[in-house]
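Peer 1: Mind looking over this structure? Questions follow.
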Amino acid sequence: MTGSVRPLTEAVDEHARATRLSAMSDAPSASAARSAVVAAAIDLFAEHGFDQTSVEQIAQAAGVSRSTFFRQFGGKEDVVFADHELLLDQLRSYLGKTHANPWVAVCEASVRVFTHFTKDAELARRRYLVVRDVPALRDREIVTVFRYERLFDEYLRQALPGLDPLDAVGFSALVTAVHNHVLRRLLRGPRKVPVSELRTALDGAMRRFGVHPDGSDAAPDDLAVAVFPRRMPIAEVARRLEAELG
Numbered sequence: 018m019t020g021s022v023r024p025l026t027e028a029v030d031e032h033a034r035a036t037r038l039s040a041m042s043d044a045p046s047a048s049a050a051r052s053a054v055v056a057a058a059i060d061l062f063a064e065h066g067f068d069q070t071s072v073e074q075i076a077q078a079a080g081v082s083r084s085t086f087f088r089q090f091g092g093k094e095d096v097v098f099a100d101h102e103l104l105l106d107q108l109r110s111y112l113g114k115t116h117a118n119p120w121v122a123v124c125e126a127s128v129r130v131f132t133h134f135t136k137d138a139e140l141a142r143r144r145y146l147v148v149r150d151v152p153a154l155r156d157r158e159i160v161t162v163f164r165y166e167r168l169f170d171e172y173l174r175q176a177l178p179g180l181d182p183l184d185a186v187g188f189s190a191l192v193t194a195v196h197n198h199v200l201r202r203l204l205r206g207p208r209k210v211p212v213s214e215l216r217t218a219l220d221g222a223m224r225r226f227g228v229h230p231d232g233s234d235a236a237p238d239d240l241a242v243a244v245f246p247r248r249m250p251i252a253e254v255a256r257r258l259e260a261e262l263g
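Final position of the sequence shown in my numbering is 263; the numbers increase by one with none missing.
Next comes the structure, spelled out in structure tokens:
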């Protein structure tokens, strides 16, 4: 990944490039054009190295002007993490809605992120290799992971008034870590990793944290007996009691 950069006609697979340029010209939405630029950039970074690739080369490979590139992205680092900006916006919208179970909503949000990357696993793998080899990108990735944790943390505190902040932080970090662990299985190898693996792992995470949604229906009599795991956060106990008795 060092040395001089070859002509772009040799750097980018012509079939893949033609496909992306066609998608940019035919797609009705700007998101398709952005995706084509991201894919072209990742191809060049993987072929020549992040530092050895210029914005001009990315723009030429993607069939856009340099000014268009800078309107869509702030720079080369931003194009690597462009998917995350889109995903974070989508998750804010999703979590901004009312959900019956906030703990499940956070888990479902992480599933949405995972599903996004499985749609083009090969591109996700190439991006992973690019990030792994560039210290500045690894640092940016750490910051990006924290943004997901903070989003989940803020949502839980708002959705569950009275929730201990440590429980909000702990669960947010747990879900993010579980998601990233399963995602790395996909990124580090050629095999497909179904979303069911993540759902199973998140199911276990909710059980360990004491917030799994399973449980029997309330008995139809005047005496209510509630049994909860000792480690279940007080705010979650209150939420469940209110849901059952209110």
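Don't be surprised by glycine CBs; every beta carbon is placed ideally from N, CA and C.
#1: Give me, in chain order, the residues of the same chain whose beta-carbon lies closer than 6 Å to that of A176; leave out the 5 immediate sequence neighbours on both sides.
#2: What's the gap between the Cα of A122 and the Cα of H116?
#3: Using C-beta distances below 7 Å, list every residue in its chain close to R202, excluding the 5 sequence neighbours before and after it, in chain order.
#4: L108 by DSSP, collapsed to three states: which one?
#5: So, under 8 Å CB-CB, V195 and A222 are touching, yes? Tell me the CB distance rounded to an integer number of Å.
#6: Alpha carbons only, please: which of P230, H101, L112, E94 is nearest the one belonging to A126?
#7: To the nearest angstrom, how far is it from the Cα of R143 to the Cα of T85?
#8: Just the Cα atoms here: how many angstroms apart are A76 and A141?
#9: Look at the alpha carbon of R205 and the alpha carbon of R83, and state the distance between them as a whole number of angstroms.
#10: For a test of the three-state rule: what should DSSP assign to A243, helix, strand or coil?
#11: If you scan the segment 37-95 from start to end, which runs of the alpha helix (DSSP H) of 4 or more residues do you find wholly inside it?
#12: Measuring only the C-alpha atoms, how far is R247 from V186?
Peer 2: With the structure as the only source:
#1: Taking the first residue of the sequence shown as position 1, residue 176 is located at position 159. Result list for A176: P119, in chain order.
#2: Taking the first residue of the sequence shown as position 1, residue 122 is located at position 105. Taking the first residue of the sequence shown as position 1, residue 116 is located at position 99. Near 7 Å, if we compare the C-alpha coordinates of H116 and A122.
#3: As a first step, residue 202 is located in the sequence shown; it is residue number 185 there, counting from the start. Taken in chain order, the residues that qualify are V210.
#4: Here residue 108 corresponds to residue number 91 of the sequence shown, with the count starting at 1. Looking at L108 - three-state DSSP - the assignment turns out to be helix.
#5: Here residue 195 corresponds to residue number 178 of the sequence shown, with the count starting at 1. Here residue 222 corresponds to residue number 205 of the sequence shown, with the count starting at 1. Indeed they touch by this definition, with Cβ atoms about 5 Å apart.
#6: Position 109 of the sequence shown, counted from the first residue, corresponds to residue 126. When only C-alpha atoms are compared, the closest one is L112.
#7: In the sequence shown, counting from the first residue as 1, residue 143 sits at position 126. In the sequence shown, counting from the first residue as 1, residue 85 sits at position 68. When rounded, the distance between both Cα atoms is 24 Å.
#8: Stepping through the sequence shown from its first residue, residue 76 is reached at position 59. Stepping through the sequence shown from its first residue, residue 141 is reached at position 124. Rounded to the nearest angstrom, the two C-alpha atoms are 20 Å apart.
#9: The sequence position of residue 205 within the sequence shown is 188, counting from 1. The sequence position of residue 83 within the sequence shown is 66, counting from 1. If you take the alpha carbons of R205 and R83, they lie about 33 Å apart.
#10: Taking the sequence shown and counting its residues from 1, one reaches residue 243 at position 226. If DSSP states are grouped into helix, strand and coil, A243 belongs with coil.
#11: Counting whole runs of 4 or more residues, the segment 37-95 contains the alpha helix (DSSP H) stretches 47-65, 72-79, 83-89.
#12: As a first step, residue 247 is located in the sequence shown; it is residue number 230 there, counting from the start. As a first step, residue 186 is located in the sequence shown; it is residue number 169 there, counting from the start. Cα-Cα distance, rounded: 19 Å.
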